[in-house]
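Visitor: One structure, as structure tokens, below. Some questions next.
The structure is reproduced here in structure tokens:
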């Protein structure tokens with residue numbers, strides 16, 4: 000049995016050719032309009048696909064509704080991999096392929112060569128240009144970064160090219176490519192190997208990068224940071240945008256499962272405190288302020304780098320992260336999450352207005368999606384009569400299970416090297432023992448794990464490598480996440496609406512990372528560039544985004560791409576006759 004998706008790699012190339020020909024001469028002939036001057040890719044961290052529609056009646060005309068009303072809207076878009084985490088989803092959107100191919104199997108993975116857990120984009124060879132701007136553990140709500148052994152950052156661990164890489168190649172390096180985010184992994188993954196990435200440092204309160212991208216900051220970056228952009232929020236609070244009575248969750252501001260991070264509180268208003276406060280910059284990212292900072296820097300990139308100002312197509316990725324942090328701390332069905340969506344709507348409207356002023360929306364192809372969705376909190380679901388809960392691996396009788404496996408295989412030393420959910424890694428001593436049948440050992444571990452409360456299924460890497468697993472969506476998603484050098488020996492999937500809520504001592508309200516629908520379901524919208532509005536309800540996947548952009552510009556898709564160009568986007572563009580970068 001082939002790993003799902005492997006046959007799509009061949010088909011995607013055929014589809015690209017077919018679309019360029021079957022739509023007829025009108026679709027590929029040159030005209031005066033030419034290709035878009037700017038591709039604007041927006042990724043909203045943890046924006047589940049239903050959430051913009053939940054608050055549609057209170058959205059403005061120029062943010063989400065501009066996209067929903069005037070774009071090509073895919074109402075049933077999903078990630079097709081199991082570990083729905085930030086780096087995995089961003090890289091999938093950028094590369095058009097699965098983590099089994101692009102290699103970013105999780106925010107963390109165990110590196111067999113070094114014997115240590117690796118943070119996805121860490122790279123000791125490339126230091127940050129701002130001294131002391133690495134992760135500040137005392138104020139970090141993102142525990143995955145604590146595993147990083149170095150402040151260095153680069154895209155080197157991404158094993159394929161991205162759309163941005165291919166755009167740079169197709170334009171002889173003239174096309175400019177930038178990625179901007181609060182999160183380093185949100186910027187680096189989308190900028191790819193050939194672009195430039197900037198992200199917000201909680202330690203310094205500035206936008207930073209590494210010497211992978213520059214030997215020194217451009218003057219405009221220094222000027223931007225010199226204004227101390229975060230300090231405008233000093234002494235201020237996150238307050239509701241509208242009257243409390245107008246909110247769906249207006250009567251549910253204080254819920255026991257919400258987390259109070261650094262005195263931010265569980266009820267409005269949420270005070271940021273003074274700019275020299277220990278948690279000040281962290282609290283900004285827990286609110287719409289984080290997205291506003293990203294918007295400000297994205298505007299600066301557009302102006303100072305002159306994006307979209309000539310006939311060569313440029314690329315700007317903007318990844319907004321506040322939705323993710325708010326979802327983790329308060330849950331997606333909370334007053335905080337509701338207000339954040341409404342405020343994000345205004346941020347998007349401001350971004351679109353600025354792009355229209357600088358480049359023109361008719362000259363800009365916009366694509367918006369998310370790196371993953373997210374579950375509702377068990378407390379909220381339980382209040383509706385829906386079974387849900389938290390998984391506590393510390394309560395499992397692991398020692399007894401380990402002893403049984405040791406006895407079965409005559410193992411005296413360490414059996415498990417590490418467990419970084421969703422992967423269990425067996426110890427090197429066991430793997431190097433020629434007496435042990437590793438496939439049989441993995442199966443024994445699978446049997447023990449499957450018996451623990453909260454576990455829906457466990458899958459061995461031996462089974463994934465052979466393609467020997469049930470032909471169901473969860474198993475296919477796990478297979479799409481399997482990389483032979485980075486994945487663990489066993490992959491664990493919890494029951495739907497059950498997940499771990501304790502990360503390195505930080506208790507959170509909700510956590511994504513599963514192959515279930517609430518985590519895979521994301522918005523997918525193409526707009527601008529004179530596209531004709533259209534709504535599509537068939538199921539599509541996020542691996543289709545990068546090859547669609549490539550087909551639109553008639554350039555080579557990323558090197559590992561397995562997705563299929565979305566015909567509706569090209570059909571929606573055909574009435575205004577598209578010509579691509581490759582035509583010049």
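In our numbering, the protein residues as written are 0 to 583.
For every residue, glycine included, the Cβ atom is placed at its ideal position computed from N, Cα and C.
Express the C-alpha separation of residue 415 and residue 399 in angstroms, rounding to a whole number.
Guide: If I take the Cα positions, the gap works out to 13 Å.
Visitor: Quick check on this structure: which residue in 395, 429, 452 has the alpha carbon closest to the alpha carbon of residue 409?
Guide: It is 429.
Visitor: Do you know how far the Cα of residue 91 is from the Cα of residue 499?
Guide: Looking at the two C-alpha atoms, the distance is approximately 24 Å.
Visitor: Run through DSSP, which three-state label would residue 328 get?
Guide: DSSP places residue 328 in helix when its eight states are reduced to three.
Visitor: Quick one: using the 10 Å Cβ neighbour count with 16 as the cut-off for buried, is residue 536 buried or exposed?
Guide: With fewer than 16 other Cβ atoms within 10 Å, it is exposed.
Visitor: Helix, strand or coil for residue 300, going by three-state DSSP, please let me know.
Guide: If DSSP states are grouped into helix, strand and coil, residue 300 belongs with the helices.
Visitor: I'd like to know whether the C-beta atoms of residue 542 and residue 95 end up nearer to each other than 8 Å.
Guide: Their beta carbons are under 8 Å apart, which means residue 542 touches residue 95 by this criterion.
Visitor: On the three-state DSSP scale, how would you describe residue 78?
Guide: Of the three classes helix, strand and coil, the one that applies to residue 78 here is coil, per DSSP.
Visitor: Which term fits residue 24, buried or exposed, when burial requires 16 or more other beta carbons within 10 angstroms of its beta carbon?
Guide: Any reading at residue 24 is ruled out, since the residue's pLDDT is 32, under 50, leaving its predicted position unreliable.
Visitor: Pull up the distance between the alpha-carbon of residue 308 and that of residue 266, whole angstroms please.
Guide: Using only the alpha carbons, I get a separation of about 45 Å.
Visitor: Please classify residue 77: is it buried, with 16 or more other beta-carbons within 10 angstroms of its beta-carbon, or exposed?
Guide: With 16 or more other Cβ atoms within 10 Å, it is buried.
Visitor: So within the stretch 348-383, which uninterrupted beta strand (DSSP E) runs reach at least 3 residues, ignoring any that extend past its ends?
Guide: The stretch 348-383 contains these whole beta strand (DSSP E) runs: 363-368.
Visitor: From the DSSP output, in three-state form, read off residue 103 for me.
Guide: Coil.
Visitor: Check whether the Cβ atoms of residue 38 and residue 312 lie closer than 8 Å to each other.
Guide: Contact flag set, yes.
Visitor: Below 8 Å, can you find three or more Cβ-Cβ pairs linking the stretch 59-69 to the stretch 506-519?
Guide: No, the stretch 59-69 does not touch the stretch 506-519.
Visitor: Contact between the stretch 268-279 and the stretch 323-332 is defined here as three or more beta-carbon pairs at a separation below 8 Å; is this criterion met?
Guide: Judged by Cβ distances under 8 Å, the stretch 268-279 makes no contact with the stretch 323-332, as fewer than three pairs qualify.
Visitor: For the alpha helix (DSSP H) holding residue 198, just list the boundary residues, first then last.
Guide: Where residue 198 is concerned, there is no enclosing alpha helix (DSSP H), although the beta strand (DSSP E) it sits in stretches over 195-200.
Visitor: Only counting the same chain, and skipping five residues up and downstream in sequence, which positions put a Cβ closer than 6 Å to that of residue 253?
Guide: Answer for residue 253: 265, 266, listed in chain order.
Visitor: Using 10 angstroms around the beta-carbon of residue 112, count the other beta-carbons present and answer buried if the total reaches 16, otherwise exposed.
Guide: Exposed is the call here.
Visitor: Which residues mark the beginning and the end of the beta strand (DSSP E) in which residue 587 is found?
Guide: Residue 587 lies beyond the stretch modelled for the chain, which goes from 0 to 583, so this question has no answer here.
Visitor: Taking three-plus beta-carbon pairs below 8 Å as touching, is the stretch 466-485 in contact with the stretch 220-230?
Guide: With a cut-off of 8 Å, the stretch 220-230 and the stretch 466-485 do not count as touching, because too few Cβ pairs lie within range.
Visitor: I need the straight-line Cα distance from residue 479 to residue 270, nearest angstrom please.
Guide: Distance between the alpha carbons of residue 479 and residue 270: 42 Å.
Visitor: In this structure, how does DSSP classify residue 584 when only helix, strand and coil are distinguished?
Guide: The first residue shown for the chain is 0 and the last is 583, placing residue 584 beyond what the model contains.
Visitor: What's the C-alpha gap between residue 350 and residue 193?
Guide: Cα to Cα, the separation comes out at about 24 Å.
Visitor: What is the rounded straight-line gap between the Cα of residue 334 and the Cα of residue 427?
Guide: Approximately 48 Å between the Cα atoms of the pair.
Visitor: Within the same chain, show all residues whose beta-carbon is closer than 7 Å to that of residue 481, passing over the 5 residues directly before and after it, in chain order.
Guide: The answer, listed in chain order, is 99, 460, 463.
Visitor: Just how far apart, CA to CA, sit residue 211 and residue 411?
Guide: C-alpha separation (whole angstroms): 45 Å.
Visitor: Please list the terminal residues of the continuous beta strand (DSSP E) segment that includes residue 180.
Guide: Residues 176-180.
Visitor: Helix, strand or coil for residue 557? Go by DSSP, reduced to three states.
Guide: Three-state result, residue 557: coil.
Visitor: Please classify residue 262 as buried or exposed, where buried requires at least 16 other C-beta atoms within 10 Å of its C-beta.
Guide: It counts as exposed.
Visitor: In angstroms with no decimal places, state the Cα-to-Cα distance between residue 121 and residue 40.
Guide: Their Cα atoms are separated by approximately 24 Å.
Visitor: Note down, in chain order, each residue of its chain lying with its Cβ closer than 7 Å to the Cβ of residue 405, except the 5 sequence neighbours on either side.
Guide: So the list reads 414, once near-sequence residues are dropped.
Visitor: Could you check if residue 527 is buried or exposed, using at least 16 other CB atoms within 10 Å of its CB as the buried criterion?
Guide: The residue in question, residue 527, is buried, as its Cβ has 16 or more Cβ neighbours within 10 Å.
Visitor: Determine the direct distance from the alpha carbon of residue 341 to that of residue 199, and round the result to whole angstroms.
Guide: If you take the alpha carbons of residue 199 and residue 341, they lie about 23 Å apart.
Visitor: CB-CB under 6 Å to residue 571, same chain, minus the five flanking residues each way: which ones, in chain order?
Guide: Within the same chain, residue 571 has close Cβ partners 71, 530, 531, 533.
Visitor: Who are the near neighbours of residue 364 in its chain, counting only those whose CB is closer than 6 Å to its CB and skipping five residues on each side?
Guide: Taken in chain order, the residues that qualify are 35, 38, 527, 528.
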